[in-house]
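Trainee: Those letters in the sequence shown? Residues 369 to 945, per the working numbering, in order.
Mind looking over this structure? Questions follow.
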Amino acid sequence: MRVQEASNWLLGELTNHGRIPFRLACRRLTPWESLLVQHVLGRTDVEILTDPSLDAGLIPITRSALCGLSFWKPDELPESRTEPLALMRVPPEILDMVDEEERSWQAREAAEFHEVDAVLRGWESTGELDRRLAQLADWVERVETVYVFVGREVFSKSDAGSNTLTRDGRLADLRQRPLETWAAADRLFVVLAHCLFSSGRAVRFEEFNGVQLSATGLRHFLLERHANYCAAIGRLPHNPGGMPLPRLAEEVRALQNEVDRCSPLMRYRRINGLTFVKNEYLADFPLPRDPDVLPELVAHHGRVHLDVKPTGRVRTDLRSLATAAALLDAEAAAGDGDRAGHGAIGELLAAIVLSAIHATESDYGMSSSVRDLTRLRGARPGGPEGVLTLKKGNFFCCCLPHTTRMAATGEETGATLWRAAQRMMYNRWHFAPGEFAREDIPDKRHYFFPPQVPDIAEHAEHHHGGHIASRVRFSIRAPGAQVWHPPFTVFGHGFRGCYDIRLVRMEGPAYTLRELHEAVRHCSLVDELWRTLADGMQDATLPVRAVGGFDRDWYMSKGWQRLSAHVLAADALAVPG
Numbered sequence: 369m370r371v372q373e374a375s376n377w378l379l380g381e382l383t384n385h386g387r388i389p390f391r392l393a394c395r396r397l398t399p400w401e402s403l404l405v406q407h408v409l410g411r412t413d414v415e416i417l418t419d420p421s422l423d424a425g426l427i428p429i430t431r432s433a434l435c436g437l438s439f440w441k442p443d444e445l446p447e448s449r450t451e452p453l454a455l456m457r458v459p460p461e462i463l464d465m466v467d468e469e470e471r472s473w474q475a476r477e478a479a480e481f482h483e484v485d486a487v488l489r490g491w492e493s494t495g496e497l498d499r500r501l502a503q504l505a506d507w508v509e510r511v512e513t514v515y516v517f518v519g520r521e522v523f524s525k526s527d528a529g530s531n532t533l534t535r536d537g538r539l540a541d542l543r544q545r546p547l548e549t550w551a552a553a554d555r556l557f558v559v560l561a562h563c564l565f566s567s568g569r570a571v572r573f574e575e576f577n578g579v580q581l582s583a584t585g586l587r588h589f590l591l592e593r594h595a596n597y598c599a600a601i602g603r604l605p606h607n608p609g610g611m612p613l614p615r616l617a618e619e620v621r622a623l624q625n626e627v628d629r630c631s632p633l634m635r636y637r638r639i640n641g642l643t644f645v646k647n648e649y650l651a652d653f654p655l656p657r658d659p660d661v662l663p664e665l666v667a668h669h670g671r672v673h674l675d676v677k678p679t680g681r682v683r684t685d686l687r688s689l690a691t692a693a694a695l696l697d698a699e700a701a702a703g704d705g706d707r708a709g710h711g712a713i714g715e716l717l718a719a720i721v722l723s724a725i726h727a728t729e730s731d732y733g734m735s736s737s738v739r740d741l742t743r744l745r746g747a748r749p750g751g752p753e754g755v756l757t758l759k760k761g762n763f764f765c766c767c768l769p770h771t772t773r774m775a776a777t778g779e780e781t782g783a784t785l786w787r788a789a790q791r792m793m794y795n796r797w798h799f800a801p802g803e804f805a806r807e808d809i810p811d812k813r814h815y816f817f818p819p820q821v822p823d824i825a826e827h828a829e830h831h832h833g834g835h836i837a838s839r840v841r842f843s844i845r846a847p848g849a850q851v852w853h854p855p856f857t858v859f860g861h862g863f864r865g866c867y868d869i870r871l872v873r874m875e876g877p878a879y880t881l882r883e884l885h886e887a888v889r890h891c892s893l894v895d896e897l898w899r900t901l902a903d904g905m906q907d908a909t910l911p912v913r914a915v916g917g918f919d920r921d922w923y924m925s926k927g928w929q930r931l932s933a934h935v936l937a938a939d940a941l942a943v944p945g
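Right under this line is the structure:
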């Protein structure tokens, strides 16, 4: 294979033909493999060969479902679980250079590993090693996907069908064995996973999904976060380079909270559905991150259907709209006892969702939450008892199509939206206990930590059955209560991730930061809606009925077409020019 063909072949295989960024693809490889790739790309004396009978001295290239592309040293025997793809011939001096650079990395890693071992010995000497392992196993269960490589070892609990940590008993096995018998990879994972959690809860695990986790890699990651967070809040950083990893992780967590509260930069994540990785970035998006004016679709709905004229103060206006809608629903319930429909609150929420869909040119979008706020009441203020009685049907999802963009799905539109809505109702049930103390939640009640920062996802249809069924390729999630605001507090407990705006494109192009900003602005409106209802309910100043509708019959009967906001948007698009 000619040099250009060899480089193109390698790039295509590494990046899944452009679906995985090259930077991320290299992070999936072991240090030796990554160094090799960086040395050979573009060289004129490198060949890719497909004849398995060729002489020794070549580098085998394999592929596997769990690890993707792998490169093996000439004297290594590829693992049996891998599929042979090709052989690579490189000049011997390249192998010398790669070995030298790997040796340098190993020296740095060995120095960091001494600290990892010291942490483990400290836990052992104080009798807390078993508690730490049990705690880690519980954290793993609260994260949607853990899919981490340490060398060629896989530490996982993922939708890719791999669960080495809990189902296959890797963590349970460590609890039965003396520390001195643990493999180096196990020692690394246990300590580094604890540091990741300390630096930002379990979502930090997902920063290393589909990539290599090492002590040097984690220190670099934490130092980068430390520097970025200090810059985001305008603080000159002290020298954190010599800090022990656990202390550095705690400092990063404290800085993160300051970034969320007062920085003009907003934390968000980019998700690659092929690798499960969720990388955090900082976007230039000054506070308060609300719309400058009430979106016209929402404002028109308020003027025509709620008799509320906007004043220009967005949150005040939304509060007036929510109050008017709640009063209309109370009047309707008192008049005929009909509580089956989605009501005025549902209509207002739909106007916000449809506005977000049209502002971002999404195929469809949604917002979900609990139907009846009174069901969140605990046996005592702040208690979880009400939440623990909830079932999937106690939640709802207002999932709406763009007025024109889903025309091609025809009669399947209702089924597609209902599948997405069901998934969101299940997610809401799954997230609901996530902000309570662990000791307040029964062991048998499975739950995930709820999402807290906005994210943009691409190639989301891989591995995820719900995304495949609902044709989710590109998506945006803007959760509330937003981290730059206080938690959504009801009956003495503060919630995060209990409502949101989600947007979907079934085909390209991928979303940009412009659309993410729009989703966040619209989530601010959803946030004010729910806070208004919760405050009125708790103060007994506003009658708040449960949100009805948005069930299977509603979707199968194309209920969205009867929404006032849908009619308005369709009429606006029908006007020439």
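By construction, the Cβ of each residue, glycine as well, lies at the ideal position given by its N, Cα and C atoms.
Being a predicted model, the structure only gives us computed values, none of them experimental.
Between the alpha carbons of Gly436 and Gly585, how many angstroms are there, rounded?
Mentor: 20 Å
Trainee: Are the Cβ atoms of Ala553 and Val518 separated by less than 8 Å?
Mentor: yes
Trainee: Go through its chain and collect everything with a Cβ distance to Glu451's Cβ below 7 Å, but skip five positions before and after it.
Mentor: Thr430, Arg431, Ser432
Trainee: Can you tell me whether Lys812 is buried or exposed? The criterion is at least 16 other CB atoms within 10 Å of its CB, across all chains shown.
Mentor: exposed
Trainee: On the CB-based measure, 16 or more other CB atoms within 10 Å of its CB, does Val661 come out buried or exposed?
Mentor: exposed
Trainee: Can you find the residues in the same chain that come closer than 6 Å, C-beta to C-beta, to Tyr515, ignoring five residues on each side of it along the sequence?
Mentor: Correct list, in chain order: Ser524, Ser526, Asn577, Gly578, Phe644.
Trainee: Would you tell me roughly how many angstroms separate the C-alpha atoms of Ala937 and Arg391, rounded to the nearest one?
Mentor: 42 Å
Trainee: Do the CB positions of Lys760 and Met793 come within less than 8 Å of each other?
Mentor: Cβ distance < 8 Å, so Lys760 and Met793 count as in contact.
Trainee: Return the CA-CA distance between Gly680 and Pro659, expressed in angstroms with no decimal places.
Mentor: Looking at the two C-alpha atoms, the distance is approximately 10 Å.
Trainee: Considering Tyr867, what are the terminal residues of the beta strand (DSSP E) in which it resides?
Mentor: 867-873
Trainee: When you compare each of Cys766, Pro847, His673 to Leu717 by their alpha carbons, which one comes out closest?
Mentor: Cys766
Trainee: Using alpha carbons as the reference points, say which of Thr784, Gln850, Phe859, Val851 lies closest to Val872.
Mentor: Thr784
Trainee: Check Asn577 in the structure and name its three-state DSSP category.
Mentor: Coil at Asn577, not helix or strand.
Trainee: If you draw a straight line from the C-alpha of Tyr597 to the C-alpha of Glu415, how long is it?
Mentor: 44 Å
Trainee: For the beta strand (DSSP E) holding Met456, just list the boundary residues, first then last.
Mentor: Residues 451-457.
Trainee: Where do the N-terminal and C-terminal ends of the beta strand (DSSP E) with Asp652 fall, by residue?
Mentor: 646-652
Trainee: Leaving out five residues before and five after Arg621 in sequence, what residues of the same chain have Cβ atoms less than 7 Å from its Cβ?
Mentor: For Arg621, the CB contacts under 7 Å within the same chain, skipping 5 residues up- and downstream, are Ser566, Ser567, Gly568 in chain order.
Trainee: Pull the bridge partners of Met634 from the DSSP assignment, please.
Mentor: Ala651
Trainee: Just to confirm my understanding: we take Phe842, look at its own chain, exclude 5 residues before and 5 after, and list those with CB closer than 6 Å. What are they?
Mentor: Glu826, Arg873, Ala878, Tyr879
Trainee: Please classify Ile601: does DSSP put it in a helix, a strand, or coil?
Mentor: Ile601 falls in the coil class under three-state DSSP.
Trainee: In angstroms with no decimal places, state the Cα-to-Cα distance between Pro460 and Val558.
Mentor: CA-to-CA, the gap between Pro460 and Val558 works out to about 38 Å.
Trainee: Per DSSP, which one or two residues make a beta bridge with Phe439?
Mentor: Ile429
Trainee: Could you check where the beta strand (DSSP E) with Tyr732 kicks off and where it finishes?
Mentor: Going by DSSP, Tyr732 is part of the beta strand (DSSP E) stretching over 732-738.
Trainee: Identify, in the order they occur along the chain, each residue of the same chain with its Cβ nearer than 6 Å to the Cβ of Glu626, setting aside the five sequence neighbours on each side.
Mentor: Ile601
Trainee: Once you ignore the five residues that flank Val466 on each side, which residues in its own chain have a CB closer than 7 Å to its CB?
Mentor: Trp400, Leu403, Leu404, His407
Trainee: Should the segment 880-894 be called in touch with the segment 856-865, which here means at least 3 C-beta pairs below 8 Å?
Mentor: no
Trainee: In or out: Ala475 buried (at least 16 other Cβ within 10 Å) or exposed?
Mentor: exposed
Trainee: So, is Thr532 buried or exposed, given that buried needs 16 or more other C-beta atoms within 10 angstroms?
Mentor: Result: buried.
Trainee: Using CA atoms only, rank isn't needed, just tell me which of Asp413, Pro428, Arg411, Thr412 is closest to Asp419.
Mentor: Pro428
Trainee: Starting from Thr781, trace the beta strand (DSSP E) in both directions and tell me its first and last residue.
Mentor: The continuous stretches of beta strand (DSSP E) do not include Thr781, which lies in the alpha helix (DSSP H) extending over residues 781-799.
Trainee: Can you tell me whether DSSP reads Arg845 as helix, strand or coil?
Mentor: strand
Trainee: Considering only DSSP beta bridges, list what Ser524 is partnered with.
Mentor: Tyr515
Trainee: Can you tell me whether DSSP reads Phe589 as helix, strand or coil?
Mentor: helix
Trainee: Which residues share a DSSP beta bridge with Cys891?
Mentor: Cys891 is not bridged to any residue.
Trainee: With DSSP as the reference, label Ala337 as helix, strand or coil.
Mentor: Residue 337 is absent from the structure shown; the chain starts at 369 and stops at 945.
Trainee: What does the alpha-carbon distance come out to for the pair Leu417 and Ala374?
Mentor: 9 Å
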